[in-house]
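Working notes, beginning with the structure itself.
Residue numbers (the working numbering): 48 to 335.
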């Protein structure tokens, strides 16, 4: 493992280059991902995230040498019933899905039917992790109970939540996100996050006026939750904008394995890396 990327940050950022707001063309994303996987900061980078719709269209054909063993995360944008076809389409290109991520309900819908369908799929996969994207609305806690029970029974399932989007209501407040982190902690349920985590420290976007969570805030808050902090203490760390306060928990645990929070997808690898270097959490000669 690289000495420049601490253990705490290993695999923190999945490569979501083809997703908004980056919207990279697939050929460019594949080439860039190869560069990330061989760079000095490679230990920080997770799999390339690709939508199931692109895989079903055969968009990877000709872009990947089967011998290179590309590892991806499959994002279910086609509906749960289409995921098996997308997974089958990976084999001819020698591509492996390390994880499958899919929404199980829209906001306000009961997540349980979608959870049941996704867990049936999880039982047919060869060890790939399955992340159920659950809206932070109706039925959330019951869905976490269902996932925790399935995981305890041996299914490789976990949760995924959105922390941003194109509308203000898609950004959970610090208290809302803290409650979710603590709920996962109480159930020993790993989770992923997606959307809105553009920078390390909590900030207000000057163009939209939306308050974005910082990914180092989330890291510190998760460490605090695992250490026994309750919702109010976890929320304080999520709401903090003082870099010194936010960075200290991460610095204190830099050599430990990251607990509970699997990581998040980012359309840019350079932006979080640059932030981590500026905050002194990663050492390296990266040029933005």
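Virtual Cβ for every residue (Gly too), placed ideally from N, Cα, C. The structure displayed is predicted, hence computed values, not measured ones.
When the options are compared against residue i, the one with the closest alpha-carbon
{"i": "residue 66", "options": "320, 311, 329", "result": "311"}
{"i": "residue 227", "options": "212, 247, 205", "result": "205"}
{"i": "residue 176", "options": "107, 185, 202, 163", "result": "202"}
{"i": "residue 299", "options": "307, 327, 150, 281", "result": "327"}
{"i": "residue 262", "options": "309, 275, 254", "result": "309"}
{"i": "residue 306", "options": "234, 269, 172", "result": "269"}
{"i": "residue 56", "options": "90, 189, 68", "result": "90"}
{"i": "residue 82", "options": "98, 54, 59, 117", "result": "117"}
{"i": "residue 275", "options": "225, 131, 209, 125", "result": "225"}
{"i": "residue 73", "options": "92, 161, 85, 109", "result": "109"}
{"i": "residue 69", "options": "242, 102, 219, 238", "result": "242"}
{"i": "residue 53", "options": "304, 146, 313, 183", "result": "304"}
{"i": "residue 325", "options": "265, 247, 209, 289", "result": "247"}
{"i": "residue 148", "options": "239, 112, 64, 316", "result": "239"}
{"i": "residue 145", "options": "172, 132, 158, 157", "result": "172"}
{"i": "residue 140", "options": "102, 88, 163", "result": "102"}
{"i": "residue 256", "options": "288, 64, 218", "result": "218"}
{"i": "residue 78", "options": "51, 115, 87", "result": "115"}
{"i": "residue 208", "options": "182, 198, 80, 323", "result": "182"}
Nearest-angstrom beta carbon gap, residue j and residue i [assumed within contact, 8 Å]
{"i": "residue 94", "j": "residue 135", "result": "That belief does not hold up - the Cβ atoms of residue 94 and residue 135 are roughly 18 Å apart, past 8 Å."}
{"i": "residue 277", "j": "residue 231", "result": "Not really, about 14 Å apart at Cβ, beyond 8 Å."}
{"i": "residue 107", "j": "residue 151", "result": "Contact flag wrong, Cβ pair sits at about 26 Å."}
{"i": "residue 236", "j": "residue 168", "result": "The Cβ separation is near 18 Å, so there is no contact."}
{"i": "residue 97", "j": "residue 59", "result": "About 19 Å; that fails the 8 Å criterion."}
{"i": "residue 127", "j": "residue 165", "result": "6 Å"}
Three-state secondary structure assigned by DSSP to residue i
{"i": "residue 112", "result": "coil"}
{"i": "residue 284", "result": "helix"}
{"i": "residue 95", "result": "strand"}
{"i": "residue 259", "result": "strand"}
{"i": "residue 292", "result": "helix"}
{"i": "residue 145", "result": "strand"}
{"i": "residue 313", "result": "strand"}
{"i": "residue 165", "result": "helix"}
{"i": "residue 193", "result": "helix"}
{"i": "residue 150", "result": "strand"}
{"i": "residue 279", "result": "helix"}
{"i": "residue 135", "result": "helix"}
{"i": "residue 239", "result": "strand"}
{"i": "residue 248", "result": "coil"}
{"i": "residue 268", "result": "helix"}
{"i": "residue 223", "result": "helix"}
Residue i versus residue j - alpha carbon distance
{"i": "residue 267", "j": "residue 213", "result": "26 Å"}
{"i": "residue 259", "j": "residue 211", "result": "7 Å"}
{"i": "residue 100", "j": "residue 123", "result": "8 Å"}
{"i": "residue 76", "j": "residue 119", "result": "12 Å"}
{"i": "residue 295", "j": "residue 221", "result": "19 Å"}
{"i": "residue 200", "j": "residue 137", "result": "28 Å"}
{"i": "residue 189", "j": "residue 285", "result": "24 Å"}
{"i": "residue 340", "j": "residue 160", "result": "With the chain running from 48 to 335 in the structure shown, residue 340 is simply not present."}
{"i": "residue 130", "j": "residue 271", "result": "36 Å"}
{"i": "residue 318", "j": "residue 233", "result": "32 Å"}
{"i": "residue 283", "j": "residue 330", "result": "28 Å"}
{"i": "residue 254", "j": "residue 174", "result": "42 Å"}
{"i": "residue 104", "j": "residue 186", "result": "34 Å"}
{"i": "residue 279", "j": "residue 250", "result": "20 Å"}
{"i": "residue 301", "j": "residue 313", "result": "21 Å"}
{"i": "residue 291", "j": "residue 264", "result": "11 Å"}
{"i": "residue 215", "j": "residue 244", "result": "14 Å"}
{"i": "residue 355", "j": "residue 316", "result": "The chain is shown only over 48 to 335; residue 355 falls outside these bounds and no answer can be derived."}
{"i": "residue 180", "j": "residue 85", "result": "30 Å"}
{"i": "residue 158", "j": "residue 197", "result": "15 Å"}
Any chain B beta carbon closer than 9 Å to residue i
{"i": "residue 327", "result": "Annotation note: the requested chain B is absent from the structure, which comprises a single protein chain."}
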